[in-house]
Amino acid sequence: MSQRIQRRRLLQLSGATLAATAAGCLGGDSGNGNGNGNGNGENTAGTPAYAEWVATVDGEVSVSYVDMVALNDLDSEEDDSSDESGNLEDIEDPMIGVPLSGMFVAMLTAGFGLAGPRLSDLIAFDEEQTNEDAFESSIDDLLITNETIVMTGDVVTDEIDSTVTAATADGSFEVQFEQTSDVSGYAIYEPAGDGQQETALGVSGNAIIQSESKADVERVIETKQGDGTRAVDEFETFDRLLTTGGNGHVVLGGYSPDGFDLENEQSSDGSGQDIQFEEFEDANGVVGSLTISDSESTADMGIDFDDVDDGKRDELESVLGSLGSDVSVDVDGGFVSASATYSDDALEDV
Numbered sequence: 001m002s003q004r005i006q007r008r009r010l011l012q013l014s015g016a017t018l019a020a021t022a023a024g025c026l027g028g029d030s031g032n033g034n035g036n037g038n039g040n041g042e043n044t045a046g047t048p049a050y051a052e053w054v055a056t057v058d059g060e061v062s063v064s065y066v067d068m069v070a071l072n073d074l075d076s077e078e079d080d081s082s083d084e085s086g087n088l089e090d091i092e093d094p095m096i097g098v099p100l101s102g103m104f105v106a107m108l109t110a111g112f113g114l115a116g117p118r119l120s121d122l123i124a125f126d127e128e129q130t131n132e133d134a135f136e137s138s139i140d141d142l143l144i145t146n147e148t149i150v151m152t153g154d155v156v157t158d159e160i161d162s163t164v165t166a167a168t169a170d171g172s173f174e175v176q177f178e179q180t181s182d183v184s185g186y187a188i189y190e191p192a193g194d195g196q197q198e199t200a201l202g203v204s205g206n207a208i209i210q211s212e213s214k215a216d217v218e219r220v221i222e223t224k225q226g227d228g229t230r231a232v233d234e235f236e237t238f239d240r241l242l243t244t245g246g247n248g249h250v251v252l253g254g255y256s257p258d259g260f261d262l263e264n265e266q267s268s269d270g271s272g273q274d275i276q277f278e279e280f281e282d283a284n285g286v287v288g289s290l291t292i293s294d295s296e297s298t299a300d301m302g303i304d305f306d307d308v309d310d311g312k313r314d315e316l317e318s319v320l321g322s323l324g325s326d327v328s329v330d331v332d333g334g335f336v337s338a339s340a341t342y343s344d345d346a347l348e349d350v
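Here full-length UniProt numbering is used: position 275 in the sequence shown is 275, and no number is missing along the way.
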């Protein structure tokens, strides 16, 4: 798959450019940043590094992940004549649709969550940046876990402090913060004054965490530090799902022993754009990822069911990798692992 098609088409189909999110939904702007590290989304065996941040909440766990470095490294030639924006709901192959939906969920959730503290442009892609008021901080990885935003990279804490504590205009959706405590090397910020929206930040030299409450932020910090239970340690099946389908540049998934609603996870951002795959309705967990290289894209997916009978197996084999080649679907009891390769026209045909 050519890099020109990859970058432009990924952004078109996910609908996830932060500029569109801010302009269309929020109507504000702030500083600009870029990611220039190594990322941790390479498609290699093992549990992905971002799992260190992920805990279980109310008996279930969800993740959306974007390797900002990998996507920024892709070309985005502006002379591409394609004007079609695409639609996630038109994608019938879940091995593409699920991870692209993860990118959409991650970018849109972060766009909203970071707008109040005026940090949204930390996750702008390179071509969306201006030189005015640029952040020195750079973000390598974006993770949404259980509705908490985690950005890792090189964080200049002084500039983040001055940005989030600056006064705001009357009637603005922006929120002025104040530092209220320190937790395990993280400065904790909460809204200054009364009547502000419920939100909190945790800031260190290598991560920024945002969520609705201080307790949520502290839980993620404790999980990363090893003081809280990680979801991969609590649920062996979730670890297997991440190992099978979570090592990619864009990822979406989750798990609950009582059943995981992938459709609900996609629509929880309030965008109204989601993909429905009936084949996953009775799954306990799904994790899918897409990895992009110079010549092709590859997708990996893990799915856990209580049981996979012959009918379910045939159903899955008919849709998994339906737009790809070199497709592999393996069933081990109730666990399904799949992989596929995608050529340069796979996304263009959607």
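Positions of the beta carbon are idealized from the N, C-alpha and C atoms, including for glycine.
Predicted model only: the values in this text are computed from it and were never measured.
Endpoints, the beta strand (DSSP E) within which residue i is located
i	result
threonine 145	138-145
valine 327	325-332
leucine 252	250-255
serine 211	207-211
glycine 153	148-154
alanine 340	335-342
Helix, strand or coil at residue i [DSSP, three-state]
i	result
phenylalanine 238	helix
glutamate 263	helix
glycine 288	strand
serine 172	coil
phenylalanine 177	strand
arginine 219	helix
phenylalanine 280	helix
isoleucine 303	strand
aspartate 233	helix
aspartate 194	coil
threonine 298	strand
glycine 27	For glycine 27, the pLDDT reaches just 34, beneath the cut-off of 50, and the residue's location in the model is therefore unreliable, leaving the point undetermined.
isoleucine 123	helix
threonine 56	coil
alanine 51	helix
For residue j and residue i, the rounded distance between their alpha carbons
i	j	result
threonine 165	proline 191	9 Å
alanine 70	aspartate 140	9 Å
threonine 298	valine 150	25 Å
serine 138	alanine 110	15 Å
valine 203	isoleucine 292	30 Å
aspartate 330	arginine 219	36 Å
threonine 283	glutamate 263	The sequence shown places alanine at residue 283, rather than the threonine named in the question. Roughly 12 Å separates the two Cα atoms.
glutamate 92	aspartate 67	24 Å
asparagine 206	alanine 134	18 Å
aspartate 216	serine 325	42 Å
aspartate 314	phenylalanine 112	40 Å
serine 318	glutamate 136	48 Å
glutamate 236	alanine 200	31 Å
aspartate 170	aspartate 161	20 Å
glycine 321	aspartate 300	9 Å
leucine 114	methionine 103	16 Å
alanine 167	glutamine 176	6 Å
serine 62	alanine 187	25 Å
serine 120	proline 48	25 Å
leucine 316	valine 155	43 Å
residue 353	aspartate 158	No information on residue 353 is available, as it lies outside the stretch 1 to 350 that the chain covers here.
glutamate 234	alanine 51	12 Å
valine 336	glycine 245	10 Å
isoleucine 144	glycine 185	21 Å
tryptophan 53	lysine 224	5 Å
Chain-order list of residues whose beta-carbon lies under 7 Å from that of residue i (same chain, five-residue window excluded)
i	result
glycine 334	Asp304, Phe305, Asp306, Asp307 and Val308
phenylalanine 260	Glu60, Gly254, Ala283, Asn284, Gly285 and Val286
Opening and closing residue of the alpha helix (DSSP H) in which residue i lies
i	result
leucine 201	First-last for leucine 201: 200-203, but that is the beta strand (DSSP E), not the alpha helix (DSSP H).
threonine 109	94-113
aspartate 315	The sequence given here places glutamate at residue 315; aspartate does not occur at that position. 310-319 is the extent of the alpha helix (DSSP H) around glutamate 315.
serine 162	157-164
valine 69	68-72
Contacting residues, own chain, Cβ-Cβ under 6 Å from residue i (five flanking each side not counted)
i	result
glutamate 60	Ser256
aspartate 258	none
phenylalanine 280	Leu262 and Val286
valine 183	Glu218 and Ile221
glutamate 78	Its pLDDT being 49, under 50, glutamate 78 is placed unreliably in this model, and the coordinates cannot settle the point.
phenylalanine 277	Pro94
glycine 311	none
Residue i classed as buried or exposed, judged by whether at least 16 other C-beta atoms fall within 10 angstroms
i	result
threonine 229	exposed
glutamine 210	buried
threonine 21	In this prediction, threonine 21 scores a pLDDT of 35, lower than 50, which makes its location untrustworthy; the coordinate-derived value is nonetheless stated afterwards. So threonine 21 ends up on the buried side.
aspartate 58	exposed
asparagine 247	buried
threonine 44	Its pLDDT being 46, under 50, threonine 44 is placed unreliably by the model, and the measurement read from it follows with that caveat. Exposed, because fewer than 16 other Cβ atoms sit within 10 Å of the Cβ of threonine 44.
alanine 338	buried
alanine 340	buried
aspartate 239	buried
serine 328	exposed
glycine 46	exposed
serine 213	exposed
glycine 226	exposed
8 Å Cβ cutoff, residue i in contact with chain D
i	result
tyrosine 255	In the displayed structure, chain D is absent; only one protein chain is listed.
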